[in-house]
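Each residue of the sequence shown is one higher than the one before, starting from 1077 at the first, in the working numbering.
Ideal placement from N, C-alpha and C gives every residue a C-beta, glycine not left out.
Structure record follows, encoded as C-alpha cells.
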Amino acid sequence: MIDNVRLQYASWIEISTLGCLSCTAYFEASMKLRLRGQCALVYQGEKTFEDYVYQGFSLCEAAILRLSESLVPGHYLYFDRYFSTTKLLNELHLRGFNSTGSIMKNRVPKGCTLSDDKDFIKKPRGTTEVKCRADGKLAITKWLDNKPVLMISSCFLDTACVTCSRWNKRIKQYQNIRRPEVIKNYNSNMGGVDLTDRLLAVCPARSRTKKWTIRLIFHMLDLAISNSWLLYRDRQRTKGILSQKIEQFKEYKLNLGEKLITKNCPPLLTEEVDSSLENYLAPAHKKRRVDIKPLPAKKNREALHLPEYTDSQMRCRKEGCKMKSTVKCICSDIYLCLVKGRNCFAEFYN
C-alpha cells in the first residue's frame, strides 16, 4: 500500500506483490470473486473517511482500514512508516489480518523500552532487539543495518533470523550478516510498491494544465497501463519466454497508443499515410543492423498495403527469406518477394 501525494491530489492504492492493484490480482485468480470494497481511493476532503475519523482513527489509519474492506480475513498486509501505529495493527488484528510495517520512533509505545540509538549503532551490524507485548499479539523489532531500523508486526513475534549479504564500505567487499524474518518478508513484499512507483515515473502522461482533475485522469491511465504491462510480462514469463524477447514498458506503451489511434481510423489513400508512423524506425546510424518492421496497428490497416515495382533491389523483409526483390509495399515502405512460387508479400501480411 502506498500513499501517493503528487500533482495537487492525494490517493491511496492497494497493491499486490506483483505490483498490480489488488483487485486486478483477485480477478486474475478467480473470475467469480466479488469484491466488497475498493483498491484505490482519492482524497475528497474531510468526508472521505468520515465514519473512521468519527471513531478516532487518523487519516492514514482510516485509509488502510477502508482499503482492507475489499480483502477477506487471513491476508498479510504491509505498509510503510507513515501508516504504522499500534492502534491500526490492533484493529487489523481484530479483523483477522496479519500486519507488518516500519514505524516512526515517536510512535513506539512509551512502555516499550529499546536501546538508545547512540549505543545501539556502536554494536555489530546485524544486531537485533525484539520487544513483544505481554499478550503476545504485537512485537517491535529493532535491527541495525547502516542505521537502526524499527519494525512493528502482529505476525512476526520472535527473534528468528536469516543470513543476508551486505556491502561493507570499510573493507570494500560483501559480508554476511543476520537479518530478522520480519525485515526479509517486509522487503520482499513491498517490492510491488517500488515497482509501481518506477513505472509511473517512466514516460508519464502529463499535460501543461494546472487542473487537478485532468492530472488525476492521466495518472489513473498511467496506472492502468502499468497494470496491464505487469500482467502481460507475468504471463509471458509463465510461458517460458526469455526476458529479452518480452516487450519493454516504453515500447508497450507506445504500441498501445498507436493501436488506439488507428483502431477506428477510416481507410486512407496512400498519399495520406500519417508521417508520424513512417518515422517510427530507429534513428539512423553509420553502421547498424537493419531490422525494419512496421507496427502491428499499421500493418493491418485497410487497403493500404499495395505492391509497387521499383528499379532497385533490396533484401526481402519476411522472416526466413534471404532473397532480393524489386517489389515494395507503398504503405510500409519495405521490400517483399512477389514472384511465381514465392509470394512473401501475401504471407507477410496474412
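Checklist entry - With respect to the beta strand (DSSP E) encompassing S1304, which residues constitute its N-terminal and C-terminal limits? => result Residue range W1288 to T1314 is occupied by the alpha helix (DSSP H) that includes S1304, with no beta strand (DSSP E) assigned at that position.
Next on the checklist: Once DSSP output is grouped into helix, strand and coil, what is the label at C1420?
Outcome noted: Here C1420 sits in helix by DSSP.
Checklist entry - Do you know how far the Cα of K1416 is from the Cα of L1380? => result Cα-Cα distance, rounded: 23 Å.
Item to check | Collapsed DSSP secondary structure at R1183 in the structure displayed | outcome: Correct three-state label for R1183: helix.
Item to check | First and last residue of the uninterrupted alpha helix (DSSP H) at E1334 | outcome: It spans F1325 to T1338 - the alpha helix (DSSP H) in which E1334 sits, taken as one unbroken run.
Checklist entry - Looking at the unbroken alpha helix (DSSP H) that takes in T1285, where does it start and where does it end? => result No residue range can be given for T1285, since it is assigned to no alpha helix (DSSP H) and is classified by DSSP as neither H nor E.
Checklist entry - Excluding the five sequence neighbours on either side, which residues of its own chain have a C-beta within less than 7 Å of the C-beta of Y1154, listed in chain order? => result So the list reads T1176, G1177, Y1262, N1265 and M1266, once near-sequence residues are dropped.
Item to check | Any C-beta of chain C under 8 Å from that of E1126 | outcome: Absent from the structure is chain C; it holds one protein chain and no more.
Item to check | Sequence-distant residues of the same chain with beta carbon closer than 8 Å to K1326, five excluded per side | outcome: Closer than 8 Å at Cβ, skipping near neighbours: V1278 and C1279.
Next on the checklist: Quick check on the burial criterion: 16 or more other C-beta atoms within 10 angstroms. Buried or exposed for V1238?
Outcome noted: It counts as exposed.
Next on the checklist: Please identify the residue among I1140, M1296 and R1183 whose C-alpha is closest to the C-alpha of F1173.
Outcome noted: Answer by Cα proximity: I1140.
Checklist entry - Expressed to the nearest angstrom, what Euclidean distance is found between the alpha-carbon atoms of S1087 and L1412? => result Whole-angstrom Cα-Cα distance: 52 Å.
Next on the checklist: Let me check one thing: in DSSP terms, what residues is M1399 bridge-paired to?
Outcome noted: Beta bridge pairing from DSSP links M1399 with no other residue.
Next on the checklist: Between which two residues does the alpha helix (DSSP H) holding D1188 run?
Outcome noted: At residue 1188 the sequence reads Cys, which differs from the Asp that was named. No alpha helix (DSSP H) contains C1188, which DSSP labels as neither H nor E.
Checklist entry - Hey, L1233 and I1197 are a contact pair by Cβ (cut 8 Å); roughly how many whole angstroms apart? => result Going by Cβ atoms, the distance from L1233 to I1197 rounds to 25 Å, so no, they are not a contact pair.
Next on the checklist: Let's see if you can read the secondary structure: which residues bound the alpha helix (DSSP H) around Y1130?
Outcome noted: Following the DSSP letters along the chain, one finds Y1130 inside the alpha helix (DSSP H) bounded by residues E1126 to Y1130.
Item to check | Distance between K1286 and K1329 (C-alpha atoms, nearest Å) | outcome: It is roughly 24 Å from the alpha-carbon of K1329 to the alpha-carbon of K1286.
Next on the checklist: Do S1408 and M1390 have their beta-carbon atoms positioned less than 8 Å apart in this structure?
Outcome noted: It is not a contact, given that the beta carbons lie outside the stated cut-off.
Item to check | Three-state secondary structure (DSSP) of L1117 | outcome: Under the three-state reduction of DSSP output, L1117 falls in the strand class.
Next on the checklist: Tell me the DSSP secondary structure of T1386 in three-state form.
Outcome noted: Reduced to three states, the DSSP call for T1386 is strand.
Checklist entry - For D1387, is the beta carbon positioned less than 7 Å from some heavy atom of the ligand NAP? => result Ligands are entirely absent from the displayed structure, and the ligand NAP is therefore not among its contents.
Checklist entry - For F1103, which three-state DSSP category applies? => result Only weak support exists for where F1103 lies, its pLDDT of 34 falling under 50; the coordinates are left without a value.
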